[in-house]
Amino acid sequence: MASILHRVTRIGFVTIMFAVLPSVLLFWQNGLLKQQNKKIQDQTHLAEASRRSAQMFIMGEVLSDINRELNQKNILSSGLVGRIVSLSHAMKPYRYLMDNELIDFPVSPERGQLLIALAKSNIQSSFFVDHILQQGNFMQAELANSSLPNTILKDINLEGAVLTNSNFVNVDLSYAILKNASLQNIEFTDAQLKRVDFTHADLSYSDLRFAKVEGANFSQANLDHVRVDRMDWLQFVKTKAHVKGADYLLENYKVDSLDYEGYNKKVPTLVRKSMF
130 MASILHRVTR IGFVTIMFAV LPSVLLFWQN GLLKQQNKKI QDQTHLAEAS RRSAQMFIMG
190 EVLSDINREL NQKNILSSGL VGRIVSLSHA MKPYRYLMDN ELIDFPVSPE RGQLLIALAK
250 SNIQSSFFVD HILQQGNFMQ AELANSSLPN TILKDINLEG AVLTNSNFVN VDLSYAILKN
310 ASLQNIEFTD AQLKRVDFTH ADLSYSDLRF AKVEGANFSQ ANLDHVRVDR MDWLQFVKTK
370 AHVKGADYLL ENYKVDSLDY EGYNKKVPTL VRKSMF
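If you read the sequence shown in my numbering, its first letter stands for residue 130, the second for the next number, and so on.
Here's what the structure looks like:
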């Protein structure tokens, strides 16, 4: 009887082990995978940091050469232009940690810093547009909290760029591409925005008062609480400015007069129409 009981117990123990073993192995494998993934992420961040450090060193040299050449004339040599363009293409967008979390979409802070430095230099405007803005790569550049008033940025491709909380008063962005760009809370007052592509861009809480928007494309753009300069702005951009996406704007928005801190009178503002 004891022998039978011992056998049954042993069989039961073996059965339980076979049942539990896969779960134990799976748990162990998951632990190993997490460790491996963390090591890979750490190595990736280290490699990215090393690459960015090298690029910033190169950018410092390029900016130094720009200052030297601009002391002679207000255009740059073809060799230096080539280095600027190559550097802008090499500054790849990436996701970085903010508050211990990876940001949602890859951006390039380095492209943003390069663009700001170039825009604030004294390069002749048409040369800057033709040789740098049109040939360089500034897509997904991060320029949040920047101040570039009175700057000429015609024809630039800033698709997917982040320009939130910036001062772009009287900037010339004519014919620029700003598709899918983050443009929240930007001062676009008096800006030249003719034929700018704002498709799917987020302009919420920005200021478009007295901006020239003839021929611009606002298809599927977010214009929540955008300040404008006239109560009939929606009709004006459709019939006079001939913007693309005007029907979308008329269908989804209305102009209301709202109070703002620091303003002594109400300001025409775009608000979404109620769905009910």
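No residue lacks a Cβ here, since even glycine has one placed at the ideal position from N, Cα and C.
- Counting the other Cβ atoms within 10 Å of the Cβ of Thr-280 gives 16 or more, which makes it buried.
- A Cβ-Cβ distance of about 5 Å is found for the pair Leu-244 and Phe-267, placing them in contact under the 8 Å criterion.
- Under the three-pair Cβ rule at 8 Å, the segment 195 to 203 does not count as touching the segment 222 to 231.
- Pairing Gly-374 with Ala-345, the inter-Cα distance amounts to about 9 Å.
- If you ignore the 5 residues before and after Leu-205, its C-beta comes within less than 7 Å of the C-beta of Ile-195, Glu-198, Ile-252, all in its own chain and listed in chain order.
- The Cβ neighbour count for Arg-359, taken over all protein chains shown within 10 Å, is under 16; the residue is labelled exposed.
- Relative to Glu-343, the option among Lys-369, Asp-376, Asp-353 whose CA is nearest is Lys-369.
- In the structure shown, Val-191 falls within a helical segment according to DSSP collapsed to helix, strand and coil.
- Residue environment: Asn-203 is assigned as exposed (fewer than 16 neighbouring CB atoms within 10 Å of its CB, all protein chains considered).
- Residues Ser-303, Tyr-304, Gly-344, Ala-345 of the same chain have their beta carbon placed closer than 7 Å to that of Arg-324, with the five preceding and five following residues left out of the count.
- In this structure, DSSP gives Met-220 a state outside helix and strand, which the three-state scheme calls coil.
- Of the residues assessed, Ser-276 falls on the exposed side of the cut-off, its CB having fewer than 16 other CB atoms within 10 angstroms.
- In this model, Leu-363 and Leu-282 are separated by some 26 Å (Cα to Cα).
- Assigned with DSSP and collapsed to three states, Ser-275 falls in coil, not helix or strand.
- The beta carbon of Asp-388 is closer than 6 Å to those of Lys-395 in its chain, skipping five residues each way along the sequence.
- For Leu-387, the pairing in a beta bridge is given by DSSP as Val-396.
- Inclusion of Tyr-377 and Ser-348 in the CB contact set at 8 Å is warranted, their separation being smaller than that value.
- A straight-line Cα-Cα distance of about 42 Å links Gly-391 and Val-214.
- In this structure, Leu-337 sits near Val-355, with a CB-CB distance shorter than 8 Å.
- Counting only unbroken stretches of 3 or more residues, no beta strand (DSSP E) element lies wholly within the segment 262 to 310.
- The three-state secondary structure of Lys-341, taken from DSSP, is strand.
- Relative to the Cα of His-329, the nearest Cα in the group Thr-318, Phe-317, Ser-311 belongs to Ser-311.
- Between Asn-299 and Asp-331, the C-beta spacing is not below 8 Å.
- A straight line joining the alpha-carbon of Arg-224 with that of Val-236 spans about 7 Å.
- In terms of Cβ geometry, Glu-288 and Pro-238 do not form a close pair [threshold 8 Å].
- Every unbroken stretch of the alpha helix (DSSP H) spanning 4 or more residues and falling wholly within the segment 200 to 251 is given here in chain order: 207 to 219, 238 to 248.
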